[in-house]
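Keeping their order, the protein sequence lines are chains A and B. Residues 1 to 200 (my numbering) make up the first sequence, in order. Residues 1001 to 1200 (my numbering) make up the second sequence, in order. As structure tokens, the structure follows; a few thoughts come after it.
2 protein chains.
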Amino acid sequence: MPGPRKPTADRVLDIAEALVQTRGYNAFSYADISRAVGVRKASLHHHYPTKADLGLALVSRYHAAFMGALSEIETKSDSPARRLERYTELYGSVLRRGRMCMCGMLAADVATLPKPMRESIAGFFTDNERWLTRVLGEGKKSGQIDFEGTPASMASFFVSSLEGAMLVARAGGNSEPFDAAVRHLMARIKLPASRSKRKP
Amino acid sequence: MPGPRKPTADRVLDIAEALVQTRGYNAFSYADISRAVGVRKASLHHHYPTKADLGLALVSRYHAAFMGALSEIETKSDSPARRLERYTELYGSVLRRGRMCMCGMLAADVATLPKPMRESIAGFFTDNERWLTRVLGEGKKSGQIDFEGTPASMASFFVSSLEGAMLVARAGGNSEPFDAAVRHLMARIKLPASRSKRKP
DNA sequence: GTCTATAGGCAGATAGAC
DNA sequence: GTCTATCTGCCTATAGAC
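Below you can see the structure in the form of structure tokens.
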């Protein structure tokens, strides 16, 4: 029982999000959304007057949803290593749907985007690194995990590697580059003693 | 003394390459090239009849130039670690010019590209991984370097991480994510004994 | 090889009726 | 909120003269 149908504004975001994640910001149009949602182009401008408005709404919602997923990871996972693994799984689930991280996609288009969007995208990456830095730092301090370098630089490395792995995996239509990246990243996070997992 | 001016076809590729690396395939037009080269739009179609033709020529030349740079690295560098460091520097020099790796950029646009371009882009990544796999494998066999996992998976991890690091660094207008990635990657390549470099 | 001229289509966006 | 109708501008691409 799906309940009452979603408001048009939300359905527009759903479609636009999928289009950005698969085609990029400069390769989708109001006409594409119009077709998919079943509403005329002009009606879309009622909800999002300009494409820049739509783009900003897209990033805001994606950012908020991602942060929500991170909170849920902290609620449901206890160990730092398990939290990191779930973090990589967040990216993996996007890739398995044939999509790229929306902000990774927009990062490629960054030179063509309005300033508010650029700032929002930078904020997404900053918040991801902040969360990872905290998880890594707490884990190291408590002795549950260990790794080389600072929590901040390892956090940055996680984000960069996962984004790049999605990009390369999608380009070749093969998930192996992504799987290899996850294995290597998790192998960098050493558990206290014996129970080190499989090798990369 | 610059000698005779470059043929138009080459100058078109130079401009188009810069445009793809900064804006992406779907955010540049023949009009942009026309302005920069100083030749009318219609003349461009004489050299590259369709945008797909231009795109394919772009990838072919970039691929060949990159392979040339890899050969030069092997000629001028002796140790495997030094070769890997130079490989990362290839990406760094692109980023410092405010650009993204052209094939990384096109990887984002992959769903909108004609099939021949998609195949060429995949070939670029395959050849990069092949080269890295060889350097890593020979280095490990000779005992000059050591690392976890197979040469092929580490090669894939290098490519993914460097591509992603460029993407994230460019999005934030800050080279730190890229520098962190290079430090972490090189730290994974352990030299034989004492002279391990700076920590990441 | 380069030009002028132009085709045919799609982009983002607006006005105003219902 | 959704519609029809329309605008303006840019897109890729072609025809044919020089």
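In this text, a Cβ means the ideal position worked out from N, Cα and C, and glycines have one as well.
Exercise. Whose CA, out of B:Ser1043, B:Arg1061 and B:Phe1158, lies closest to the CA of asparagine 1202 of chain B?
Worked result: The question about residue 1202 of chain B has no answer, for chain B in this structure spans 1001 to 1200.
For this session: On a CA-only basis, which of A:Val12, A:Gly173, A:Asp14 and A:Met154 is nearest alanine 1107 of chain B? Give me that one, please.
Result: Walking along the second sequence from the start, residue 1107 of chain B turns up at place 107. Residue A:Gly173 is the option with its Cα nearest to alanine 1107 of chain B.
Problem set entry | Counted within 10 angstroms of its Cβ, other Cβ atoms place histidine 203 of chain A as buried (16 or more) or exposed | In the structure as shown, chain A starts at 1 and stops at 200, and residue 203 of chain A therefore has no counterpart that could be examined.
Exercise. Any Cβ of chain B within less than 8 Å of the Cβ of aspartate 109 of chain A?
Worked result: For the purposes of this step, residue 109 of chain A is taken as the residue at position 109 of the first sequence. It does: the Cβ of aspartate 109 of chain A has a partner Cβ on chain B nearer than 8 Å.
Problem set entry | Continuous alpha helix (DSSP H) stretch holding aspartate 109 of chain A: start and end | Translated into the one-based positions of the first sequence, residue 109 of chain A becomes position 109. That residue, aspartate 109 of chain A, is in no alpha helix (DSSP H); it is neither H nor E in DSSP.
For this session: Using a Cβ-Cβ cut-off of 8 Å, state whether methionine 1067 of chain B counts as contacting chain A.
Result: The residue you call residue 1067 of chain B lines up with position 67 of the second sequence. It does not: the Cβ of methionine 1067 of chain B has no partner Cβ on chain A nearer than 8 Å.
Exercise. Got a sec? Which residues, its chain only, sit under 7 Å from asparagine 156 of chain A by beta carbon, not counting five neighbours each side?
Worked result: On the first sequence, residue 156 of chain A is found 156 positions in, with the first residue counted as 1. The identity of residue 156 of chain A in the sequence shown is serine, whereas the question assumes asparagine. Here the set comprises Glu129.
For this session: Express the C-alpha separation of proline 177 of chain A and lysine 197 of chain A in angstroms, rounding to a whole number.
Result: Taking the first residue of the first sequence as 1, we reach residue 197 of chain A at position 197. Taking the first residue of the first sequence as 1, we reach residue 177 of chain A at position 177. A caution first: lysine 197 of chain A carries a pLDDT of 49, below 50, which makes its placement in the model too unreliable to give a value.
Exercise. So does the stretch 132–152 of chain A actually touch the stretch 1087–1098 of chain B, counting three or more Cβ pairs closer than 8 Å?
Worked result: no
Problem set entry | Counterpart residues of lysine 1190 of chain B in DSSP-defined beta bridges | Here residue 1190 of chain B refers to the residue found at position 190 of the second sequence. In DSSP, lysine 1190 of chain B forms a bridge with B:Asp1146.
Exercise. Which of the three DSSP states, helix, strand or coil, is assigned to arginine 1086 of chain B?
Worked result: Taking the first residue of the second sequence as 1, we reach residue 1086 of chain B at position 86. It is helical.
Exercise. Thinking C-beta only, is serine 175 of chain A closer than 8 Å to alanine 169 of chain A?
Worked result: Counting from one through the first sequence, the residue named residue 169 of chain A turns up at place 169. Counting from one through the first sequence, the residue named residue 175 of chain A turns up at place 175. Against a cut-off of 8 Å, the Cβ pair of serine 175 of chain A and alanine 169 of chain A comes out as a contact.
Problem set entry | Residues of its chain near isoleucine 1145 of chain B, where Cβ-Cβ distance is below 6 Å and the 5 sequence neighbours each way are ignored | If you number the second sequence from 1, residue 1145 of chain B lands on position 145. Excluding sequence neighbours, isoleucine 1145 of chain B sits near Pro1080, Ala1081, Gly1139 and Ile1189.
Exercise. The alpha helix (DSSP H) with lysine 1006 of chain B in it runs from where to where?
Worked result: Here residue 1006 of chain B is taken as the residue at index 6 of the second sequence, counted from 1. Here lysine 1006 of chain B belongs to no alpha helix (DSSP H), and DSSP marks it neither H nor E.
Exercise. At which residues does the alpha helix (DSSP H) containing glycine 172 of chain A begin and terminate?
Worked result: Your numbering for residue 172 of chain A matches position 172 in the first sequence. Per DSSP, glycine 172 of chain A belongs to the alpha helix (DSSP H) from 151–172.
Exercise. Buried or exposed: where does aspartate 1010 of chain B fall if 16 or more other Cβ atoms within 10 Å of its Cβ makes it buried?
Worked result: Taking the second sequence and counting its residues from 1, one reaches residue 1010 of chain B at position 10. Under this definition aspartate 1010 of chain B is an exposed residue.
Exercise. Any idea what DSSP makes of proline 1049 of chain B, helix, strand or coil?
Worked result: Sequence index remark: in the second sequence, residue 1049 of chain B carries index 49 (1-based). Looking at proline 1049 of chain B - three-state DSSP - the assignment turns out to be coil, as it is neither helix nor strand.
Exercise. Is the distance from the Cβ of asparagine 26 of chain A to the Cβ of glycine 1024 of chain B below 8 Å?
Worked result: Indexing the first sequence from 1 puts residue 26 of chain A at position 26. Indexing the second sequence from 1 puts residue 1024 of chain B at position 24. Yes; because the gap between Cβ atoms is below 8 Å, this pair is in contact.
Problem set entry | Between the CA atoms of glycine 1055 of chain B and proline 948 of chain B - distance to the nearest angstrom | The structure shown does not extend to residue 948 of chain B, since chain B spans only 1001 to 1200, so no value can be given for it.
For this session: Say whether chain B places a C-beta atom closer than 8 Å to the C-beta of glutamate 85 of chain A.
Result: The count along the first sequence starts at 1 and reaches residue 85 of chain A at position 85. Chain B contact via Cβ: absent.
For this session: Counting only runs of 4+ residues fully inside the stretch 7–39 of chain A, write out the alpha helix (DSSP H) ranges in chain order.
Result: 8–23 and 30–37
Exercise. Hey, how far is the Cα of leucine 1044 of chain B from the Cα of alanine 1018 of chain B?
Worked result: Here residue 1044 of chain B refers to the residue found at position 44 of the second sequence. Here residue 1018 of chain B refers to the residue found at position 18 of the second sequence. Computed Cα separation, rounded: 16 Å.
Problem set entry | Buried/exposed call for glutamate 119 of chain A, threshold 16 Cβ in 10 Å | Indexing the first sequence from 1 puts residue 119 of chain A at position 119. Label assigned to glutamate 119 of chain A: exposed.
Exercise. Does the distance from the CB of tyrosine 171 of chain A to the CB of alanine 1111 of chain B come in under 8 Å?
Worked result: Within the first sequence, the letter at position 171 stands for residue 171 of chain A. Within the second sequence, the letter at position 111 stands for residue 1111 of chain B. According to the sequence provided, residue 171 of chain A is alanine. The question's tyrosine does not apply to it. The Cβ atoms of alanine 171 of chain A and alanine 1111 of chain B lie no closer than 8 Å to each other.
Exercise. What residues in its chain sit with their C-beta under 6 Å from that of valine 1182 of chain B, if we drop five residues either side in the sequence?
Worked result: On the second sequence, position 182 is the one that residue 1182 of chain B refers to. Same-chain partners within the cutoff: Thr1088.
Problem set entry | Assigned exposure category for alanine 1165 of chain B - 16 Cβ within 10 Å defines buried | Position 165 of the second sequence, counted from the start, is the residue given in the question as residue 1165 of chain B. So alanine 1165 of chain B ends up on the buried side.
Exercise. Is there a Cβ from chain A that is less than 8 Å from the Cβ of methionine 1102 of chain B?
Worked result: Translated into the one-based positions of the second sequence, residue 1102 of chain B becomes position 102. Answer no: the Cβ-Cβ gap between methionine 1102 of chain B and chain A never drops below 8 Å.
For this session: Hey, could you find the ends of the alpha helix (DSSP H) glycine 139 of chain A is sitting in?
Result: Your numbering for residue 139 of chain A matches position 139 in the first sequence. Here the alpha helix (DSSP H) through glycine 139 of chain A covers 115–141.
Exercise. Is the Cβ-Cβ distance between phenylalanine 147 of chain A and leucine 136 of chain A less than 8 Å?
Worked result: For this step, residue 147 of chain A is matched to residue 147 along the first sequence. For this step, residue 136 of chain A is matched to residue 136 along the first sequence. Between phenylalanine 147 of chain A and leucine 136 of chain A, the C-beta spacing is below 8 Å.
For this session: Assign aspartate 78 of chain A to one of three DSSP states: helix, strand, or coil.
Result: Taking the first sequence and counting its residues from 1, one reaches residue 78 of chain A at position 78. Three-state result, aspartate 78 of chain A: coil.
For this session: Please name the residues in the stretch 163–175 of chain A whose beta-carbon is closer than 9 Å to at least one beta-carbon of chain B, in chain order.
Result: Glu163, Gly164, Ala165, Met166, Leu167, Val168, Ala169, Arg170, Ala171, Gly172, Gly173 and Asn174
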